[in-house]
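Q: Chains as they are written, first to last, in the UniProt record's numbering: chain A, 1 to 211; chain B, 1 to 211.
A single structure is presented below for examination.
2 protein chains.
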Amino acid sequence: MQHKPIHIIIVDDHPMVIEGLKTLLSDDERVRIINQFMNGTDALVFLEKNSADIILLDVNLPDINGVEMVPKILNIRANIGVIGLSTYSEPSIINQMIRNGVKGYLLKNVTGDELINAITQVHQGNFYFGSEVQKILADSVTQESSDLPKLTRREKHVLTLIADGKTTNSIAEELFISPLTVETHRRNLMQKLEVPNAASLIKVAVEKHLI
Amino acid sequence: MQHKPIHIIIVDDHPMVIEGLKTLLSDDERVRIINQFMNGTDALVFLEKNSADIILLDVNLPDINGVEMVPKILNIRANIGVIGLSTYSEPSIINQMIRNGVKGYLLKNVTGDELINAITQVHQGNFYFGSEVQKILADSVTQESSDLPKLTRREKHVLTLIADGKTTNSIAEELFISPLTVETHRRNLMQKLEVPNAASLIKVAVEKHLI
DNA sequence: ATCAATATACAGGAAAACCAGTAGGGAATA
DNA sequence: TATTCCCTACTGGTTTTCCTGTATATTGAT
Chain A
1 MQHKPIHIII
11 VDDHPMVIEG
21 LKTLLSDDER
31 VRIINQFMNG
41 TDALVFLEKN
51 SADIILLDVN
61 LPDINGVEMV
71 PKILNIRANI
81 GVIGLSTYSE
91 PSIINQMIRN
101 GVKGYLLKNV
111 TGDELINAIT
121 QVHQGNFYFG
131 SEVQKILADS
141 VTQESSDLPK
151 LTRREKHVLT
161 LIADGKTTNS
171 IAEELFISPL
181 TVETHRRNLM
191 QKLEVPNAAS
201 LIKVAVEKHL
211 I
Chain B
1 MQHKPIHIII
11 VDDHPMVIEG
21 LKTLLSDDER
31 VRIINQFMNG
41 TDALVFLEKN
51 SADIILLDVN
61 LPDINGVEMV
71 PKILNIRANI
81 GVIGLSTYSE
91 PSIINQMIRN
101 GVKGYLLKNV
111 TGDELINAIT
121 QVHQGNFYFG
131 SEVQKILADS
141 VTQESSDLPK
151 LTRREKHVLT
161 LIADGKTTNS
171 IAEELFISPL
181 TVETHRRNLM
191 QKLEVPNAAS
201 LIKVAVEKHL
211 I
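Now the structure itself:
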């Protein structure tokens, strides 16, 4: 079905992992590992001159953060499919990786079949995330949205206006209410979200996806 | 290969779109549309009593925002695959949808083949995003990370402390520098990010992934 | 060695935010 | 009907931020 093998680069600072991946992929003729690197810089230098189809990218590299690696890779060669790899998985890390453009994400306890599956899927332009990864992502969503204090409509509205950098007075004008009322709303918001000022108010609001 | 058809629910307030989807899916025996709704509330009520495999969910519903629909659906039935649908696509919307747990996202100019493909992929537990959608997401990343003003280490540090709700004085104590210096840093930050106060400073900082 | 960027620091004053407590009217609800 | 929640509004005071402008020692780069 497929004539040319998929060209793969491995970036991981653990020799053991590299060997493991090699073993898992060695039997399959659809893929070929064309190079491997123990750090991010070397990989980027290589990519300036050469290309590949898929990069298996460890998240914890000695020199460059895996999260930061992804845009760097895609800046050099936008059509490479980057698949993130890590031993355990922080939801926020995975989210950042996805936002930065990884097409797949796997834990290192991945089976050979799943690995091949991920590689072929990503090579075809699809996304692939291991089932554990999906579970982690799903959990993180429900967890975040769990203990969010209930804000009233008015409070949400005021909140977004504060986030836009509006002052109490201009908010009051915009909503045709007294500045004193706006202050009350702001105070209630800070109390509900348990923060001491508007800056951190916005921070937790963004974190909890309230705005 | 597959005996039971995949059960599908359509949620969209445009009759035309519903008919279009029906036509695209009518020939295929692998899928079966079991119900359709013109608004979010009706769909949620239905899901309380019945289930489905896949939901094709329009983002612009009359009653409930599509983005908010996703967690509601998954709270009722976690194993439903939600595929987002929209005519045109705001990157931020798609990002929110993904974070909230959609497994796929398509534009409404989707072909029958791609639609079937997305449905089967998602039903198998994979993700599926149309190529245009992927392009939009990729563009949004490079765009966001493009014009970010360069912050110095010290400024970044001060920025995170501001985000934590610390006052100028406490930051000064923590960094063993004068409060006046901290103020200068804050001022420079606001100038660089072109915002009028600390609240919106934090907002754009989060948006641009600076903290 | 020189120039640019960074981190540091200050003055003086205006504006806004923050704190604590109170309170009335309206809508929803029990 | 009573109660609770929401939105509204106020007093009076303290703290912090924000503005404008200046300035110096240190570091990094050319």
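All C-beta atoms, glycine included, are put in the ideal place defined by N, C-alpha and C.
Could you say if the stretch 184-201 of chain A and the stretch 29-37 of chain B meet the contact criterion of at least three C-beta pairs nearer than 8 Å?
A: Verdict: no, contact absent.
Q: Is S26/B helix, strand or coil by DSSP?
A: Position 26 of the second sequence, counted from the first residue, corresponds to residue 26/B. DSSP places S26/B in helix when its eight states are reduced to three.
Q: Are the beta-carbon atoms of S51/A and R30/A separated by less than 8 Å?
A: Taking the first residue of the first sequence as position 1, residue 51/A is located at position 51. Taking the first residue of the first sequence as position 1, residue 30/A is located at position 30. No, the pair does not count as a contact, with Cβ atoms beyond the cut-off.
Q: Pick from Q134/B, V133/B, M16/B and F127/B: whose alpha carbon is nearest that of S131/A?
A: Residue 131/A sits at position 131 when you count from the first residue of the first sequence. Looking at the Cα atoms, F127/B is the closest of the given residues.
Q: Of the choices V122/B, V110/B and D139/B, whose alpha-carbon is the least far from that of S92/B?
A: Sequence index remark: in the second sequence, residue 92/B carries index 92 (1-based). With distances taken between Cα atoms, S92/B lies closest to D139/B.
Q: Identify the continuous alpha helix (DSSP H) that holds R153/A and give its terminal residues.
A: Against the first sequence, residue 153/A aligns to sequence position 153. R153/A -> alpha helix (DSSP H) spans R153 to A163.
Q: If contact means a Cβ-Cβ distance below 8 Å, which residues of the stretch 114-148 of chain A contact chain B?
A: The stretch 114-148 of chain A vs chain B, Cβ under 8 Å: Q121, G125, N126, F127, Y128, F129, S131, Q134, L137, A138, V141, T142 and S145.
Q: So if DSSP puts R32/A in a beta bridge, which residue, or which two residues, is it bridged to?
A: On the first sequence, position 32 is the one that residue 32/A refers to. The partner list for R32/A (beta bridge, DSSP) reads H7/A.
Q: Using a cut-off of 7 Å between C-beta atoms, extract the partners of P196/A located in chain B.
A: Residue 196/A sits at position 196 when you count from the first residue of the first sequence. The answer, in chain order, is G165.
Q: List the residues that DSSP assigns as beta-bridge partners of D42/A.
A: Your numbering for residue 42/A matches position 42 in the first sequence. Partner(s): none; D42/A has no beta bridge.
Q: Can you tell me the Cα-Cα spacing of P179/B and V206/B, whole angstroms?
A: Taking the first residue of the second sequence as position 1, residue 179/B is located at position 179. Taking the first residue of the second sequence as position 1, residue 206/B is located at position 206. Roughly 24 Å separates the two Cα atoms.
Q: Please list, in chain order, the chain B residues whose beta carbon lies closer than 9 Å to that of L201/A.
A: As a position in the first sequence, residue 201/A is number 201, starting the count at 1. Within 9 Å Cβ-Cβ: G165, A199 and I202.
Q: According to DSSP, is D139/B helix, strand or coil?
A: Taking the second sequence and counting its residues from 1, one reaches residue 139/B at position 139. Helix.
Q: From the DSSP output, in three-state form, read off V17/A for me.
A: As a position in the first sequence, residue 17/A is number 17, starting the count at 1. The answer is helix: DSSP assigns V17/A an H, G or I state.
Q: What three-state label does DSSP hand D210/A in the structure shown?
A: Here residue 210/A is taken as the residue at index 210 of the first sequence, counted from 1. The amino acid occupying residue 210/A in the given sequence is Leu; Asp does not appear at that position. Reduced to three states, the DSSP call for L210/A is coil.
Q: In its own chain, which residues sit with a C-beta less than 7 Å from the C-beta of V122/B, not counting the 5 before and 5 after it?
A: Sequence index remark: in the second sequence, residue 122/B carries index 122 (1-based). Only I54, G81, I83, K103, G104 and Y128 meet the Cβ criterion.
Q: Could you tell me the alpha carbon to alpha carbon distance between E174/A and D164/A, rounded to whole angstroms?
A: By one-based count along the first sequence, residue 174/A stands at place 174. By one-based count along the first sequence, residue 164/A stands at place 164. Rounded to whole angstroms, E174/A to D164/A spans 13 Å at the Cα level.
Q: Taking 8 Å as the cut-off, decide whether the C-beta atoms of I73/B and V133/B are in contact.
A: Residue numbering aside, residue 73/B sits at position 73 when the second sequence is read from its first letter. Residue numbering aside, residue 133/B sits at position 133 when the second sequence is read from its first letter. Cβ distance not < 8 Å, so I73/B and V133/B don't count as in contact.
Q: Which residues mark the beginning and the end of the beta strand (DSSP E) in which residue 221/B is found?
A: Any answer about residue 221/B is impossible in this case: the structure gives chain B only from 1 up to 211.
Q: Buried or exposed: where does D58/A fall if 16 or more other Cβ atoms within 10 Å of its Cβ makes it buried?
A: Against the first sequence, residue 58/A aligns to sequence position 58. So D58/A counts as buried.
Q: With G104/B as the anchor, note down where its beta strand (DSSP E) starts and where it stops.
A: Along the second sequence, one-based indexing puts residue 104/B at 104. Run containing G104/B: G104 to L107, per the beta strand (DSSP E) assignment.
Q: Tell me whether L193/A sits in a helix, a strand or coil according to DSSP, three-state version.
A: Indexing the first sequence from 1 puts residue 193/A at position 193. DSSP places L193/A in coil when its eight states are reduced to three.
Q: Within 10 angstroms of the Cβ of N100/B, are there 16 or more other Cβ atoms? Answer buried if so, exposed if not.
A: Locating residue 100/B in the second sequence gives position 100, counting from the first residue. Buried, since its Cβ has 16 or more Cβ neighbours within 10 Å.
Q: Looking at the secondary structure, which residues open and close the beta strand (DSSP E) in which S86/A lies?
A: Translated into positions along the first sequence, residue 86/A becomes position 86. It spans G81 to S86 - the beta strand (DSSP E) in which S86/A sits, taken as one unbroken run.
Q: Do V204/B and V182/B have their CB atoms nearer than 8 Å?
A: On the second sequence, residue 204/B is found 204 positions in, with the first residue counted as 1. On the second sequence, residue 182/B is found 182 positions in, with the first residue counted as 1. Cβ distance not < 8 Å, so V204/B and V182/B don't count as in contact.
Q: Going along the stretch 152-181 of chain A in order, which residues come within less than 8 Å of chain B, judged by CB to CB distance?
A: Those would be I162, A163, D164, G165 and T167, in chain order.
Q: Just confirm the distance between the C-beta atoms of L61/A and D13/A, as a whole number of angstroms; I'd bet it's less than 8 Å.
A: Counting from one through the first sequence, the residue named residue 61/A turns up at place 61. Counting from one through the first sequence, the residue named residue 13/A turns up at place 13. 6 Å between Cβ atoms; contact.
Q: If we count the other Cβ atoms within 10 Å of its Cβ and call it buried at 16 or more, is Q96/B buried or exposed?
A: Along the second sequence, read from residue 1 onward, the residue named residue 96/B stands at position 96. Q96/B is buried by the Cβ-count criterion.
Q: Exposed or buried, which one is G66/B when buried takes at least 16 other CB atoms within 10 Å?
A: By one-based count along the second sequence, residue 66/B stands at place 66. By the 10 Å Cβ count, G66/B comes out buried.
Q: Looking at chain B, is there any beta carbon in it that lies within less than 8 Å of the beta carbon of N95/A?
A: The residue given as residue 95/A occupies position 95 in the first sequence. N95/A counts as touching chain B.
Q: Using only CA atoms, which one of S26/A, N39/A and S170/A lies nearest to E68/A?
A: Reading the first sequence from its first residue, position 68 is the one you call residue 68/A. Answer by Cα proximity: N39/A.
Q: Determine the chain B residues that contact V110/A at a beta-carbon separation under 8 Å, and present them in chain order.
A: Taking the first residue of the first sequence as position 1, residue 110/A is located at position 110. The premise fails here: V110/A is roughly 15 Å from chain B at the closest Cβ pair, so nothing lies under 8 Å.
Q: Find out if the Cβ-Cβ distance for the pair L137/B, L106/B is shorter than 8 Å.
A: Walking along the second sequence from the start, residue 137/B turns up at place 137. Walking along the second sequence from the start, residue 106/B turns up at place 106. Their beta carbons are not under 8 Å apart, which means L137/B does not touch L106/B by this criterion.
Q: By a C-beta neighbour count over all protein chains shown, 10 Å radius and 16 as the cutoff for buried, is H185/A buried or exposed?
A: Your numbering for residue 185/A matches position 185 in the first sequence. Its Cβ being crowded by 16 or more others within 10 Å, H185/A is buried.
Q: Identify the continuous alpha helix (DSSP H) that holds P149/B and give its terminal residues.
A: Your numbering for residue 149/B matches position 149 in the second sequence. Taken as a continuous stretch (DSSP letters only), P149/B belongs to no alpha helix (DSSP H), as it is neither H nor E.
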